[in-house]
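Enquirer: The sequence shown begins at 1018 in our numbering and counts up by one.
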Amino acid sequence: MALSADKIDEHVVWQDVTEGLQIHEPATSKGFMTGQWRTNTPVWNKEKCKQCLLCVPYCPDSCIIAKNNKRDEFDYDHCKGCGICVKACPFGAIEMKEGQ
Ligand code: SF4
Ligand code: SF4
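Put into structure tokens, the structure is as follows:
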């Protein structure tokens, strides 16, 4: 019987993982801190931000949270630092800085 994704770690033998490492459960990405891969980090300038929300749907990892029609801080646990949001912002309110 193959293990669920949250039970797989460095101690699991190959016979217990799914064939081809397929994932059969939904929403497993929540448990993986993909932000740890990041080499560059977006920084939000609240003074320049016009709350147009254009950056929100552009983020491929849903790391820009919008509540009550306003964007909030980045979800740095999952942001991979791709920089797409920087290009999406028409007001220059997001800049990339080097490192985490
Ligand atoms: S850098 Fe990429 S992953 Fe991070 S918030 Fe911007 S678009 Fe999303
Ligand atoms: S695209 Fe730029 S101005 Fe618009 S909400 Fe995002 S950071 Fe703010």
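For every residue, glycine included, the Cβ atom is placed at its ideal position computed from N, Cα and C.
1) Kindly indicate which three-state DSSP category D1089 falls into: helix, strand or coil?
2) Can you name the residues that DSSP bridges to I1081?
3) Going by alpha carbons, who is nearest to K1067 out of E1042, V1060, P1107 and E1036?
4) Who does P1059 pair with in a DSSP beta bridge?
5) Please confirm if the stretch 1022-1032 is in contact with the stretch 1074-1089, defined as three or more CB-CB distances below 8 Å between the two stretches.
6) Considering V1103, what are the terminal residues of the alpha helix (DSSP H) in which it resides?
7) Look at the alpha carbon of R1055 and the alpha carbon of D1026, and state the distance between them as a whole number of angstroms.
Expert: Result, derived from the coordinates:
1) strand
2) F1091
3) P1107
4) M1113
5) no
6) Residue range I1101 to A1105 is occupied by the alpha helix (DSSP H) that includes V1103.
7) 21 Å
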